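In this note's numbering, the protein residues as written are 1 to 682.
See below:
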């Protein structure tokens with residue numbers, strides 16, 4: 001059976017194949033998975049596929065693709081099959097990532113410190129001072145433990161000869177770790193026995209390391225040598241493309257999720273505005289771009305940052321991870337200089353090479369690029385340029401001349417890179433029980449500790465939409481895989497989830513609930529109550545005035561019902577009472593059209609408020625809210641019979657009853673609960 005499964009898989013000839021080491025022969029670390037799939041009936045594989053899809057939906061795993069009609073509701077794409085790496089191969093990757101993170105941290109310290117590399121001519125000044133990501137107000141700031149790069153991610157690709165290359169460094173606010181965690185939870189449930197038998201290394205210990213390292217580097221509370229620093233996760237808000245990850249990590253790591261308006265700087269310290277007053281913040285894990293973090297000293301038009309944050313960092317009163325200004329390292333121009341910098345700063349060669357890169361600002365490199373433009377990829381030198389890659393192999397003679405003229409006119413603004421033929425890995429076909437091939441890339445993560453960098457044993461495998469794709473982009477329809485790193489010995493069962501209840505002293509204390517959080521809890525309760533009342537009103541109205549639903553007292557009840565519908569905003573026209581056809585259309589729109597006043601519109605507002613509270617809602621609460629929303633919106637844009645709409649209203653009312661149960665029985669009676677209750681009862 002496994003041979004039949006492999007026979008349909010298209011083996012690569014011009015790129016590295018993660019699955020095959022020879023025709024029809026799977027690599028040793030892939031064989032258990034292939035044999036397990038081959039032994040599973042087609043129906044069982046369909047069940048697994050549906051289970052993965054349902055968990056993504058119910059858990060609300062999303063990735064916001066800008067300009068996509070689905071917007072923030074676009075579900076995260078996750079393949080059923082994991083990417084598998086052997087222990088030996090992972091040990092080489094791990095060592096290379098530790099070395100690279102150490103190198104980049106030293107580079108960042110030098111550029112914002114003594115600048116010896118610039119003075120010695122190892123780094124062209126134009127790469128630093130010409131980069132919009134170089135933040136001059138951050139020059140000369142001292143950092144605890146000489147660490148600026150607290151969290152690091154690298155994008156890797158495998159060359160046709162089987163060697164891994166680094167194709168990009170993510171140093172500003174690296175994303176993907178939260179998605180990797182969620183992928184792990186979902187896929188390990190799809191293959192529980194195989195996951196245990198394969199001795200896959202767990203991710204929880206790395207997450208604990210991230211949390212503990214933030215506490216380690218943060219300034220001590222009020223100058224004390226002991227005590228727990230207060231750490232928050234700074235997010236741009238629910239419209240950010242990776243907002244799900246922000247809420248997921250905040251909940252998983254036990255951090256408060258905050259936006260810029262939740263924080264203020266007083267006397268050189270950062271404070272969280274809470275219901276009970278100001279709460280001192282000692283560490284900020286940010287998911288906000290460098291220049292948006294402080295409108296006072298950086299980008300003056302930013303509405304997302306905290307005025308005075310740079311000054312608080314300069315005084316050493318708060319840790320910001322990663323350090324402001326770390327966006328500088330994401331420029332592709334640095335890749336070509338890293339080999340010499342590694343020898344200078346570390347005294348050793350790079351353990352993993354970068355993709356071959358030429359900065360056109362050097363005359364010799366420019367001539368090399370012009371001579372070989374037909375086989376290179378031309379990109380913008382700095383991330384802020386937003387230049388789409390230009391593939392030389394796609395250019396005709398006229399196009400080549402245009403690109404060459406562009407390079408000669410502004411050479412400092414461009415880099416050229418060797419075209420990387422991405423490796424391919426198997427994915428599971430959703431339509432038929434078979435294996436397909438897709439191009440993949442691997443994003444790995446590292447965290448700074450007092451003993452050096454620690455690497456997450458796995459990562460986020462990104463999957464292209466085609467087998468011969470040259471670029472992988474989640475914004476362009478890409479998907480993802482869980483990444484399994486195998487172990488030969490015992491696997492740690494460490495978990496951040498508590499397995500036992502410990503005795504604790506009960507003390508009266510203030511709340512760290514932000515003022516914005518309190519407001520959102522109020523409106524969450526308000527929209528829950530408003531939506532449920534609207535659903536009950538619509539159910540009664542449909543029961544009396546729907547298609548083919550007779551009632552003896554319809555005429556007597558009609559004026560009262562119309563008045564209630566007017567008061568609810570469902571009927572807005574004044575004058576004569578609406579005809580039956582007009583009334584039916586208004587009731588239908590109130591249920592399914594979120595652009596009209598009614599249930600769908602109230603649910604849309606409820607989900608908007610819930611998104612701002614996501615880290616404070618339990619996963620069961622969020623699932624109930626998701627099911628409720630799907631029950632109402634599944635017929636959006638389609639004309640449904642009134643009997644079907646009545647069924648949907650019944651399901652919706654049951655869902656609201658569930659939410660009421662969570663509020664009454666599942667929440668701690670703290671100030672947040674009181675404001676939610678006020679919203680419900682007002």
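Quick reminder that beta carbons are idealized off the backbone N, C-alpha and C, glycines included. Given the structure is predicted, the values throughout are model-derived calculations rather than measurements.
A check of alpha carbon separations from residue 670 across 609, 536, 514 identifies 514 as the nearest.
Counting only runs of 4 or more residues that sit fully inside the segment 141-219, the alpha helix (DSSP H) segments are 177-190, 192-197, 204-217, in chain order.
Non-local C-beta neighbours of residue 373 in its own chain, meaning closer than 7 Å and more than five positions away in sequence, comprise 392, 400, 403, 404, ordered along the chain. In this structure, DSSP gives residue 453 an extended state, which the three-state scheme calls strand. In the three-state scheme derived from DSSP, where H, G and I count as helix and E and B as strand, residue 417 is classed as strand. Cβ neighbours of residue 209 within its own chain (closer than 8 Å, five residues either side excluded): 447, 449, 454.
Straight through space, the alpha carbons of residue 658 and residue 319 are spaced by roughly 41 Å.
Residue state for residue 326 is assigned as helix, using DSSP reduced to three classes. If only complete runs of 4 or more residues are kept, the segment 29-100 shows the alpha helix (DSSP H) at 31-39, 42-58, in order along the chain. At a Cβ-Cβ threshold of 8 Å, residue 85 and residue 483 count as neighbours. Residue nearest to residue 661 within the set 165, 525, 645 is 525 (criterion: CA-CA distance). When the beta-carbon positions are compared, residue 412 and residue 361 come within less than 8 Å of each other. Annotated three-state conformation of residue 279 is strand, per DSSP.
A direct Cα-to-Cα measurement between residue 379 and residue 18 gives close to 28 Å.
Put simply, the backbone Cα of residue 417 is about 24 Å away from that of residue 118. Rounded to whole angstroms, the separation of the alpha carbons of residue 81 and residue 682 is 50 Å. When the five nearest sequence neighbours on each side are left out, the beta carbons in the same chain lying within less than 7 Å of the beta carbon of residue 336 are those of 357, 358, 359, in order along the chain. Exclusion of the five residues before and after residue 527 leaves 602, 605, 606, 609 as the residues of its chain whose Cβ lies within less than 7 Å of its Cβ.
Residue 440 is bridged by DSSP to 463. In this structure, DSSP gives residue 424 an extended state, which the three-state scheme calls strand. At a Cβ-Cβ threshold of 8 Å, residue 199 and residue 487 count as neighbours.
Counting the other CB atoms within 10 Å of its CB gives residue 294 a total of 16 or more, which places it among the buried residues. CA-to-CA, the gap between residue 581 and residue 588 works out to about 11 Å. DSSP, read as helix, strand or coil, puts residue 410 in coil. Nearest Cα to residue 16 within the set 151, 163, 45: 163. Each residue's CA atom was taken as its position, placing residue 129 and residue 440 some 35 Å apart.
In the DSSP assignment, residue 269 is bridged to 266.
When DSSP reads this structure, residue 379 sits in a beta bridge with 415. For residue 471, there is no enclosing alpha helix (DSSP H), since its DSSP letter is neither H nor E. Annotation: residue 275 to residue 243 spans about 24 Å, alpha carbon to alpha carbon.
For the pair of segments examined, the segment 276-287 was found to touch the segment 227-238: the number of CB pairs separated by less than 8 Å reaches three. Bounds of the alpha helix (DSSP H) holding residue 313 are 309-314. DSSP lists no beta-bridge partner residue for residue 13. Residues 268 of the same chain have their beta carbon placed closer than 6 Å to that of residue 315, with the five preceding and five following residues left out of the count.
Around the beta carbon of residue 174, a 10 Å sphere encloses 16 or more other beta carbons of the protein chains shown; the residue is thus reported as buried.
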